[in-house]
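Straight run, no breaks: the sequence shown in the numbering used here ends on number 823.
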Amino acid sequence: MGKKDEKEQVIFFCDGKKCGKYNKDPKAYLKEQIVDFGLEDKVTFRKMDCQGMCKKAPIFCLEPQDIWKKEVTVKKAKKLFEKHILPKSK
């Protein structure tokens, strides 16, 4: 595994029926921040199947840190970016 691979982060977002209904705004915010900070080569997005946590929709998971976030809003996405994504990408 190369140095670049060690730095890569993956944001998984549930794309189940309920999460898919509510994840658009926080997902758009995170994508915008990743582009604005030039992190496209360090952070990627991937869909995940329904995790069975529909009452807590939308669900996001940040790997390799194994950080799970539920009921993600733009405000929570901002905290996730500032606390976990940006510092790990420097």
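Heads up, the beta-carbon is just placed ideally off N, CA and C, and yes, glycines get one too.
At 4 residues or longer, what runs of the alpha helix (DSSP H) sit wholly inside the region 774 to 813?
At a cut-off of 4 residues, the continuous stretches assigned as alpha helix (DSSP H) that sit fully inside the region 774 to 813 are 807 to 813.
In chain order, what residues of the same chain lie with their CB nearer than 8 Å to the CB of Ile-800, ignoring the 5 residues before and after it?
In the sequence shown, counting from the first residue as 1, residue 800 sits at position 67. Cys-794, Leu-813 and His-817, listed in sequence order.
Does the beta-carbon distance from Leu-819 to Gln-766 come in below 9 Å?
Within the sequence shown, residue 819 is the residue found at index 86, counting from 1. Within the sequence shown, residue 766 is the residue found at index 33, counting from 1. In contact: Leu-819 and Gln-766 (Cβ atoms closer than 9 Å).
Classify Pro-759: buried if its beta carbon has 16 or more other beta carbons within 10 angstroms, exposed otherwise.
One-based indexing of the sequence shown puts residue 759 at position 26. With 16 or more other Cβ atoms within 10 Å, it is buried.
Proximity winner among Val-743, Lys-780, Ala-761 and Cys-747, relative to Lys-811 (alpha-carbon distances)
Residue numbering aside, residue 811 sits at position 78 when the sequence shown is read from its first letter. Residue Ala-761 is the option with its Cα nearest to Lys-811.
In angstroms, rounded to a whole number, what distance separates the CA positions of Phe-770 and Glu-815?
By one-based count along the sequence shown, residue 770 stands at place 37. By one-based count along the sequence shown, residue 815 stands at place 82. Phe-770 and Glu-815: Cα-Cα distance of roughly 11 Å.
Please tell me whether Val-807 and Pro-791 are closer than 9 Å, where the distance is taken between their beta carbons.
The residue you call residue 807 lines up with position 74 of the sequence shown. The residue you call residue 791 lines up with position 58 of the sequence shown. No, these two residues do not count as a Cβ contact at 9 Å.
Whose C-alpha, out of Asp-774, Gly-749 and Gln-798, is nearest the C-alpha of Lys-780?
As a first step, residue 780 is located in the sequence shown; it is residue number 47 there, counting from the start. Comparing Cα positions, the closest option is Gly-749.
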